[in-house]
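Engineer: If you scroll down you'll find the structure; I have some questions about it.
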Amino acid sequence: MLTLIIGGVRSGKSTYAEKLAAHSHSQTDSLYYIATSVNTDEEMNERIIKHKKARKEAPQQWIVFERPTRPSSIKLQQRGTVLLDCVTTWTANEWMEKIESETMDELVTRMVTEVEKMMQSTEHLILVSNDLFSDAMKFEPAIQEFLQLIGKLHQQLVKKADRAVKMEFSYPQIKKGRIL
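Add 973 to a position in the sequence shown, counting from 1, and you land on the number used in this note's numbering.
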């Protein structure tokens, strides 16, 4: 099963994803957390600390991997529920490391293939991503290119997803599929 959760900054998407993961995994399954962020500044450091603290204080035991790129290369010891937070950061990391000859469509295809590989080794894959499309501002060409990339990726992930959720004000709106 694949669930995609998209929301704005501080919309409650990570908290919702963690609760969904804890609720959907069985007691015999492992609960995995793939963190894609790279600690680049003080603000990111504070966010990473906050997320680590929340997982540590959670009643369930998380097996955590920090993997900024190619998350399907993680070898899980057993099938279970996997939460990847966040697709937007993962996309930025892959975009920065992509080979020059790789087109945006090829990068999207490669990332969708990564998701498909992860789905083969999990019972439930939960992806968290940011909604970057609420601003109608004009951006620099590089940012426009990234927005096009994440938009194409989101479209492909929604097609693959069993459930797509939009988070607003900590309230999940089911756009595809059903509530567990």
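Note that CB positions come from ideal geometry on N, CA and C, so glycine has one too.
Can you tell me where the alpha helix (DSSP H) holding T1062 begins and where it ends?
Structural biologist: Translated into the one-based positions of the sequence shown, residue 1062 becomes position 89. Unbroken alpha helix (DSSP H) run through T1062: V1060 to E1070.
Engineer: Taking only runs that begin and end inside the segment 1000-1046, name each unbroken alpha helix (DSSP H) of 4 or more residues, in chain order.
Structural biologist: Qualifying alpha helix (DSSP H) stretches, in chain order: 1015-1030.
Engineer: Whole angstroms are fine: how far does the CA of A995 sit from the CA of D1135?
Structural biologist: Within the sequence shown, the letter at position 162 stands for residue 1135. Within the sequence shown, the letter at position 22 stands for residue 995. So the alpha carbons of these two residues sit roughly 18 Å apart.
Engineer: Quick one: is F1119 buried, meaning 16 or more other Cβ sit within 10 Å of its Cβ, or exposed?
Structural biologist: On the sequence shown, residue 1119 is found 146 positions in, with the first residue counted as 1. Result: buried.
Engineer: Which residue marks the beginning of the beta strand (DSSP E) containing K1148, and which one marks its end?
Structural biologist: For the purposes of this step, residue 1148 is identified with residue 175 of the sequence shown, where counting begins at 1. Note, K1148: beta strand (DSSP E), Y1144 to K1149.
Engineer: So, is I1072 buried or exposed, given that buried needs 16 or more other C-beta atoms within 10 angstroms?
Structural biologist: Along the sequence shown, read from residue 1 onward, the residue named residue 1072 stands at position 99. By the 10 Å Cβ count, I1072 comes out exposed.
Engineer: Which whole-angstrom value is the C-beta distance of D1002 and T1054, which I expect to be below 8 Å?
Structural biologist: The residue given as residue 1002 occupies position 29 in the sequence shown. The residue given as residue 1054 occupies position 81 in the sequence shown. About 6 Å separates the two Cβ atoms, so the contact holds.
Engineer: Check this for me: beta carbons of E1067 and T1095, under 9 Å apart or not?
Structural biologist: The residue labelled residue 1067 in the question sits at position 94 within the sequence shown. The residue labelled residue 1095 in the question sits at position 122 within the sequence shown. Not closer than 9 Å, so no.
Engineer: Would you decide whether Y989 is buried or exposed? Buried here means 16 or more other CB atoms lie within 10 Å of its CB.
Structural biologist: Counting from one through the sequence shown, the residue named residue 989 turns up at place 16. With 16 or more other Cβ atoms within 10 Å, it is buried.
Engineer: Is E991 near R1028, with beta carbons less than 9 Å apart?
Structural biologist: Within the sequence shown, numbered from 1, the residue matching residue 991 stands at position 18. Within the sequence shown, numbered from 1, the residue matching residue 1028 stands at position 55. Cβ distance < 9 Å, so E991 and R1028 count as in contact.
Engineer: From F1112 to V1060, what distance separates their C-alpha atoms?
Structural biologist: Numbered from 1 along the sequence shown, position 139 holds the residue referred to as residue 1112. Numbered from 1 along the sequence shown, position 87 holds the residue referred to as residue 1060. Between F1112 and V1060, the C-alpha separation is close to 21 Å.
Engineer: Looking at K1025 and the ligand COA, is the gap between the Cβ and the nearest heavy atom below 8 Å?
Structural biologist: As far as ligands go, the structure on display features none, and thus does not contain the ligand COA.
Engineer: Does the Cβ of A1115 have 16 or more other Cβ atoms within 10 Å, making it buried, or fewer, making it exposed?
Structural biologist: On the sequence shown, residue 1115 is found 142 positions in, with the first residue counted as 1. Exposed: under 16 other Cβ atoms inside 10 Å.
Engineer: Measuring only the C-alpha atoms, how far is K1025 from Q1033?
Structural biologist: Residue mapping note: residue 1025 aligns to position 52 of the sequence shown, counting from 1. Residue mapping note: residue 1033 aligns to position 60 of the sequence shown, counting from 1. Spanning the two alpha carbons is a distance of roughly 13 Å.
Engineer: At which residues does the beta strand (DSSP E) containing T976 begin and terminate?
Structural biologist: Position 3 of the sequence shown, counted from the start, is the residue given in the question as residue 976. L975 to G980 is the span of the beta strand (DSSP E), which, as asked, contains T976.
Engineer: With C-beta atoms as the reference, is R1040 less than 9 Å away from T1009?
Structural biologist: Residue numbering aside, residue 1040 sits at position 67 when the sequence shown is read from its first letter. Residue numbering aside, residue 1009 sits at position 36 when the sequence shown is read from its first letter. The beta carbons of R1040 and T1009 sit closer together than 9 Å.
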